[in-house]
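Novice:
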Amino acid sequence: MADALVGGSFLSAFLQVLFDRIACPVIIDFFTGRNFDDQLLSKLKATLISVNGVLDDAEEKQISKPAVRKWVDELKDAVYEADDLLDEIAYEALQSHLEAGYRVRNFFSFCNPFILMKKGMKIKLEEIIVRLEHLVKQKDALGLREGIGENPFSQKTPTTCLVDESGVYGRDDDKKAIMNLLLSNDENSSNLGVIPILGMGGVGKTTLAQLVYNDKTVEKWFDLKAWVCVSEEFHISKVTKDILEEVGRHTCHDKTLNQLQLELKSSLNGKKFLLVLDDVWNDKFADWDILQKPLKFGAPGSKIIVTTRNETVASNMCTVPAHHLKGLTENDCWLLFAKHAFDDRNFNSHPSLELIGKEIMRKCQGLPLAVKSLGGLLRSKRDIGEWKRILKSNMWDLLNDNILPALQFSYHYLPSHLKQCFAYSAIFSKDYVFEKEELILLWMAEGFLVHSNEDRQMEEIGDEYFENLISRSFFQRSSLHPSCFVMHDLVNDLAKFVSGDFCFRLEGDNSCKIAKRTRHLSYVKTEYDASRKNENIYEAQLLRTFLLAEWSSIDNEDMHDLLPKLRRLRVLSLAQNRRITELPCSIGYLKHLRYLNLSATSIKKLPEIVSTLYNLQTLILHHCKDLVELPSKLRRLINLCHLDIRETILREMPSQMGKLTKLARLTDFFVKKHGGSGISELGKLQHLQGQLCIWNLQDVLDVQDAITTDLKGKKHLKELELRWNGDVGCSLHVKAILEQLQPHTSLECLSIVGYGYSKFPDWVGDSSFSNIVSLKLSGCKHCCSLPPFGQLASLTSLSITEFDGVKAIGPEFYGSCTSMARAFASLEILRFEMMPQWHEWISNVDGGAFPLLQQLYIRECPNLTTALPGDLPSLTTLEIEGCQQLVASIPKSPSILRMKLKDDSRLLRLVKLSHGLFRFVVDGFHCLNSLLEEMQQMGGLFTTLEEIEINNCDSLNCFPIGLFCKLKTLRISRCPHLTSLFAPEADHADLTSLSSLEVRECPNLVSLSIGELPIPNLTRLLLMGCSRTESFPGKMLLSSTLTSLKIWDFPNLAYLDYRGLQHLTFLKELEICKCPKLQSIPEEGLPSSLSSLSICLCPLLEQRCQQEQGEDWPKISHLPNLEINFQNVN
């Protein structure tokens, strides 16, 4: 079992790719051609097999033996050389095959120019074999043996249940969560409760389990407790024996698994037990099924806690959702760091080290393991100089032995094909946010995806690899971008460590020389960088990957110089660099290129020579706003799998696109009447998946062409958009075209734009499309009725826009749902927009529709007059704009949270509103006062409101804030008759919750005496467009609790009144913008608490605040954050 668990060598997977390449018929034909030694290929293979046998042993020994590491690096370099050479041979063979008109029979004739020109390849190969043979001879001297390899886990110390609680910080909430699950009242349940604690290595899973295990309440709750450290070497007999010895308190030798399980059953029978299985790696469900059989004989309420870093383990074993353990907060990290660095909880005795210590501590990113390792390293050091040197040094290189072991175990556990995939991620800078597909396509370009099954797409294999790395916590979902991923800094360091010199990030001040053996490079260049960065790259001529970071300062001239020198490239990304407007013709030298990303560049067209890059798999041109055409011979890129041309200005495709039979992703296809590619070309692309948008369907003249596309047979398409441009008229031909563009029922998202007939084909809305979750119909101006979308079981989002012909929505919209299913059973978001003739919405007579609807938007439907659905139990957001004729009650909903009313609809009946409403927006209401009166009559209904926004309401003259005791944020803008912010009765209102106030463009506002009101927690105030104000604050008394004050667009403001500012003792941020008459900073200065000042579009004031020269400069020069006219000064 141990052998199965321990991953193979990093190089093993790469060698397998090389073995496959050696077995390729094109390569074999080349070596058996005339005047070539047919033994060379056999000799190369034999040499590689010889080194392959010792790779596992070398993988382990290189960590502690530099000579072995050097040997492994030399071997990698030689293997890369061999791969490049074989790939070049394959390219030349393919090129000759294509350009000779597929004359295969004569390809290897004596006079073939390919053979005559490439005899130098034989010499290159002989040199590579000599290098490899030299390395083979060294393996014995290095002590490398076949089939051997120290188990990387054999030295790992097993865990115990004991814990020093005085050294644990920040785990109270986590402990409480686990305790609640342990002590839950499930005595009547026959199921064995399994609670996984899931997290990356070093985050503290074992510590949390120890805290729970030793709790006194837990001690009393269970009859028996057992702690077993499982670790990587998972043997069912051993784990069963360990559990039995824990609960039976006697040793068990020489017993079969059956005997052990019978004894364990007897020991646990009828007893409520707690078992902790710590550090579980084995994710085979069958093994777990066998292990748990005797455990099921315990009493109800028995529990198992499993700690693991593998999501598959957690999902296989759990009976409740896994508890995901996160890193520690900065404060808790600091307490832990101080304890290990000084055996103290503070730095009182060493104040000079505190600031440096905190900077060092932050490098640990919340990992307790790293915090303790760093603290322990610094424990014996008291000299501030030593601490500074450590802070500025390459910390992680210094601490590989102390910080990385927990992560190295995870790495060693990986199979060889995942090791190279993970190591490649070292090319990403720290905190880089990446998409799954992005990395999978890079892996594919580098040849990392092992294609053992012809029925599986490479993307499927990559997805499997990626999910495996996620489950082992190497990648984590981004908290800011949930669809994207990041690597923890320590994981990034591990990737950098295992990749060595072969991956290099040229960024910031890192301008050191790139190693000659470097193959993968990411590059950040700013306009201030010295040219030596470019010179460094010129030396790295063996690069396979060149990733230019977003917004780097690099241009056409740089590319013209670089590309001829980087002929080994497989990956080239220039994404997000607007200074790139063209590619040099030297791009044609890149015979190995598989991945070309030019997204968001300013490129207008690609040179025709791109069509000779026969190995190209991925071409990304997304967001190339200036791109007008693709190469005319694009069809020659027969290995192209991904073509992303979203958000370009392309309007036609090159001819014969159907020859790109390997295309798996084609984002857009532009139909053209004459020339280019017709829609029938899509029929030849059988492997399309993901998303596809078909443009210019008005140019499909023959219905037979639409039939030929065979969208119905493309079961892997998940998103489809069908677009007609312009007013195509109400013709049966349009309907016939859409009829034949019926997709496969596995489709998940459908969008139809500009369809011209009065009725949709029957397949639109048919219940067989049970996988559709999103549906958008727009610009179908001649349609008079809507399809029966209510019967789409999985539909969660529906948008209907610009349906000029629809006058009523009735039963046909809901469809013929069965008695067991409600119409729109899954719908969560519904939008109706720009439907000028729609006047009636008839709810389904049986009721019960929209049970899960959360968001309802009705915009620009000026003739809608009658009722909305009466009962929407899940509605949380309601927005109604431009529906001036609507007279109806708000839909009954116990959970409505956000409501927006705009343009004076007559929807004033609020009696059914939720008591949970917390955000309310009104815009363009001329009768707002009557709405506020209705609110007042409803008493405490609006006591939950936390955010109110009022815009463009002529009738508002003061705001009844007393109605809203929980209000946190108030925004009022463009209310010309507002004279006083608060009504007189506000003196007695409860305003303790109000923290943010914004008033914009209310020219008649004269009273803002919020300092006299009981607003103890107001921290943020923004005032804009107060045209009458000459002195500020003046009579506007401000709350002393303000931390942020913004003054914008005061055209007549001449003075800042220090008397109104001096009591703002908590003010941190002050912005003054567009105050052209403001002359100076107060003579007394600004509040001493201020740390940030921004001044813009205030010419008189800016003159006085000029750095070093201005008269007011001494008053503001001390501020750490100072911005004048959009320029950072300090």
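Per the UniProt record's numbering, the very first residue in the sequence shown carries number 1; after that it's consecutive.
We treat Cβ as the ideally placed atom computed from N, Cα and C, and that holds for glycine.
#1: By alpha-carbon positions, which one of Gly201, Val163 and Lys205 ends up nearest to Ile178?
#2: So what does DSSP say about Phe1024, is it helix, strand or coil?
#3: Provide the residue(s) that pair with Ser973 in DSSP beta bridges, ordered along the chain.
#4: Hey, could you find the ends of the alpha helix (DSSP H) Lys673 is sitting in?
#5: Out of Thr612, Pro607 and Pro584, which one is the CA nearest neighbour of His592?
#6: Which same chain residues end up closer than 8 angstroms to Glu435 when comparing Cβ atoms and leaving out the 5 residues on each side of it in sequence?
#7: Please state the DSSP three-state secondary structure of Val921.
#8: I'd like the span of the alpha helix (DSSP H) that includes Ile554, first residue to last.
#9: Just the C-alpha distance for Leu548 and Gly1060, rounded to the nearest angstrom, thanks.
#10: Compare the C-alpha of Ser425 against each of Glu386, Leu391 and Ser499 and name the closest.
#11: I need the straight-line Cα distance from Asp1057 to Cys927, nearest angstrom please.
#12: Starting from Gly248 and walking both ways along the alpha helix (DSSP H), at which residues does that stretch end?
#13: Under the DSSP definition of a beta bridge, which residues are partnered with Ala226?
#14: Would you call the segment 733–745 and the segment 703–721 in contact, with 3 or more CB pairs under 8 angstroms?
#15: Give the list of continuous alpha helix (DSSP H) stretches no shorter than 4 residues that lie fully inside the segment 705–778.
#16: Within the segment 296–361, note down every full alpha helix (DSSP H) run reaching 4 residues or more, in order along the chain.
#17: Per DSSP, Pro196 is paired with what?
#18: Out of Tyr614, Tyr595, Leu627 and Gln617, point me to the one whose CA is closest to Leu606's CA.
#19: Which residue comes first and which comes last in the beta strand (DSSP E) that contains Glu879?
#20: Check whether the segment 231–238 touches the segment 349–366, counting contact only when three or more Cβ pairs, one atom from each stretch, lie closer than 8 angstroms.
#21: Once you ignore the five residues that flank Gln1109 on each side, which residues in its own chain have a CB closer than 7 angstroms to its CB?
#22: Closest to Gly779 by C-alpha separation, out of Leu1078, Glu833, Asp279 and Phe342, would be which residue?
#23: Assign Asp1057 to one of three DSSP states: helix, strand, or coil.
#24: Pick from Ser874, Leu1045 and Gln885: whose alpha carbon is nearest that of Leu917?
#25: For a quick check, are the C-beta atoms of Ser799 and Arg831 less than 7 angstroms apart?
#26: Check each candidate in Leu441, Leu260, Ser843 and Asp254 and name the one with the smallest Cα separation from Leu640.
#27: Sort out for me which residues DSSP pairs residue 1134 with in a bridge.
#28: Which ranges would you report for the beta strand (DSSP E) in the segment 773–861 if only whole runs of at least 3 residues count?
#29: Among Ile580, Arg1104 and Tyr589, which has the Cα closest to the Cα of Ala600?
#30: So what does Glu503 bridge to, in DSSP terms?
#31: Leaving out five residues before and five after Asp77 in sequence, what residues of the same chain have Cβ atoms less than 7 angstroms from its Cβ?
#32: Give me the DSSP bridge partner(s) of His642.
#33: By DSSP's criteria, Met899 is part of a beta bridge. Which residues make up the other side?
#34: Check Arg477 in the structure and name its three-state DSSP category.
#35: Among the residues of its own chain, which have a CB less than 6 angstroms from the CB of Glu947, if the five just before and after it don't count?
#36: Return the CA-CA distance between Asp140 and Ala82, expressed in angstroms with no decimal places.
Specialist: Walking through what the data contain:
#1: Lys205
#2: A quick correction: the sequence has Met, not Phe, at residue 1024. Residue state, collapsed to three classes: strand.
#3: Asn951 and Arg1000
#4: Run containing Lys673: none; DSSP gives neither H nor E here.
#5: Thr612
#6: Ser483, Cys484 and Phe485
#7: strand
#8: Per DSSP, Ile554 belongs to no alpha helix (DSSP H) and is neither H nor E.
#9: 52 angstroms
#10: Ser499
#11: 38 angstroms
#12: Ile236 to Gly248
#13: Leu275
#14: yes
#15: 732–740
#16: 311–317 and 330–342
#17: Val306
#18: Leu627
#19: Thr877 to Glu881
#20: no
#21: none
#22: Glu833
#23: coil
#24: Ser874
#25: yes
#26: Leu441
#27: Past the edges of the chain, shown from 1 to 1130, lies residue 1134, and the structure says nothing about it.
#28: 774–778, 797–801, 829–833 and 855–859
#29: Ile580
#30: It is Cys, not Glu, that sits at residue 503 in the sequence shown. The partner list for Cys503 (beta bridge, DSSP) reads His520.
#31: Arg517
#32: Thr618 and Arg665
#33: Leu878 and Phe920
#34: strand
#35: Arg919 and Thr969
#36: 23 angstroms
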